[in-house]
Amino acid sequence: MTTKEAEVLKVSVHSHVADKRKPEVRKALSKMREKAATSSSPSRRVIRNVIAGMSKTAAVQMKSYETLSRNVRRIRQKGNSLPSVPVTLADFILPEEYMVTLEGQQFLLHDNKDPFRRTMIFATKENISFLAHCDEWYMDGTFDICPPLFSQLYTIHGRRNNLHFPLVYVLASKKDYFTYEGLFNQLKVADKRLQPKKIMIDFEKAAHKAAEDVFEGVEVSGCFFHFCQCLYRKIQECGLQKTYIEDATFAMNMRCIAALAFVPVHD
């Protein structure tokens, strides 16, 4: 604005309210950069963990997962700070972020840190408490998806209200009696109420005996699916696989053997 005597500068009043979300977004991005440089977690896990701790109004201001993932990868390529791959069980150190759930609950229940027979048990307190109220357990090990240095990923499911819930996950480097005995004893240390009435497992003798020794009076039975697998492996061991495939009568007789599992013992 100009007058005859002088020029007067008129300053407009800033009427916009400060965006309170921006500081939270900046803080989240800073945390994400720090995690990218110091964590070995996948990019999406790093992003998800950071966003989980944000308010919903601030989270919507974050860039897309694809953009954030590229940023995480760029930081890692620049810093090259990922830990080396462990060669022995003694070298294997579990990052802290894998010891807790996304909600911050303790997830690593026990790690015996034995360099020759390493066993790591994962379960929350709520999971163990839930398992203590399950009379029937179902246990099985898988070998295809377990990480290097470990022999199996062993899982324990509890049955309640006719539903099955995965409650305990175990990484074990061995599959012998002492491994299973240590696992079951450690579960009882976590909750003395753990006393299943029935356990269904595969036909691994070590797990079968350890369950009977630790959980007194428990009824241990074999899984029908694993029973059929054992029969077919025996057919292969005896060199009868070709006969089983080509001879329908022979194949039917072999299937009848599996059906004996449904016949009452006294019959």
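Residues 1 to 267 (my numbering) are what the sequence shown spells out, left to right. Quick reminder that beta carbons are idealized off the backbone N, C-alpha and C, glycines included.
At which residues does the beta strand (DSSP E) containing residue i begin and terminate?
i: residue 198; result: 198-201
i: residue 140; result: 136-142
i: residue 172; result: 163-172
i: residue 88; result: No beta strand (DSSP E) contains residue 88, which DSSP labels as neither H nor E.
i: residue 121; result: 119-122
In the DSSP assignment, find the alpha helix (DSSP H) that holds residue i and state where it starts and stops.
i: residue 224; result: 224-237
i: residue 182; result: 177-190
i: residue 156; result: It is not in any alpha helix (DSSP H) - residue 156 instead sits in the beta strand (DSSP E) that spans 152-160.
i: residue 62; result: Here residue 62 belongs to no alpha helix (DSSP H), and DSSP marks it neither H nor E.
i: residue 243; result: 241-246
i: residue 128; result: 125-132
i: residue 209; result: 205-214
With DSSP as the reference, label residue i as helix, strand or coil.
i: residue 42; result: coil
i: residue 101; result: coil
i: residue 271; result: Only positions 1 to 267 of the chain appear in the structure, and residue 271 is not among them; the question remains open.
i: residue 106; result: strand
i: residue 221; result: strand
i: residue 111; result: strand
i: residue 30; result: helix
i: residue 194; result: coil
i: residue 16; result: In this prediction, residue 16 has a pLDDT of 49, which is less than 50 and means its spatial position is unreliable; nothing more can be read from the coordinates.
i: residue 148; result: coil
i: residue 11; result: In this prediction, residue 11 scores a pLDDT of 49, lower than 50, which makes its location untrustworthy; no coordinate-derived value is stated.
i: residue 55; result: coil
Assuming residue i and residue j form a contact by the criterion Cβ under 8 Å, report the distance between their Cβ atoms to the nearest whole angstrom.
i: residue 268; j: residue 110; result: Since the first and last residues shown for the chain are 1 and 267, residue 268 lies out of range.
i: residue 213; j: residue 181; result: 7 Å
i: residue 169; j: residue 179; result: At roughly 15 Å, the Cβ-Cβ gap does not stay under 8 Å, so residue 169 and residue 179 are not in contact.
i: residue 35; j: residue 46; result: 5 Å
i: residue 152; j: residue 172; result: 6 Å
In whole angstroms, what is the alpha-carbon distance linking residue i and residue j?
i: residue 244; j: residue 226; result: 19 Å
i: residue 29; j: residue 56; result: 15 Å
i: residue 230; j: residue 237; result: 10 Å
i: residue 222; j: residue 49; result: 40 Å
i: residue 84; j: residue 148; result: 13 Å
i: residue 215; j: residue 129; result: 17 Å
i: residue 150; j: residue 254; result: 35 Å
i: residue 234; j: residue 138; result: 24 Å
i: residue 240; j: residue 257; result: 15 Å
i: residue 260; j: residue 228; result: 11 Å
i: residue 201; j: residue 207; result: 8 Å
i: residue 99; j: residue 262; result: 43 Å
i: residue 51; j: residue 64; result: 12 Å
i: residue 33; j: residue 78; result: 12 Å
i: residue 17; j: residue 125; result: Low local confidence applies: a pLDDT of 45 at residue 17 is under 50, so the model's placement there is unreliable, with the coordinate-based value given in what follows. Taking the straight line joining both Cα atoms gives about 45 Å.
Would you mind stating whether residue i and residue j have Cβ atoms separated by less than 9 Å?
i: residue 204; j: residue 141; result: yes
i: residue 136; j: residue 158; result: yes
i: residue 217; j: residue 192; result: no
i: residue 40; j: residue 72; result: no
i: residue 119; j: residue 209; result: no
With 9 Å set as the bound, which would you pick, yes or no: does the beta-carbon of residue i sit closer than that to a beta-carbon of chain C?
i: residue 175; result: This model lacks chain C altogether, as it is built from one protein chain only.
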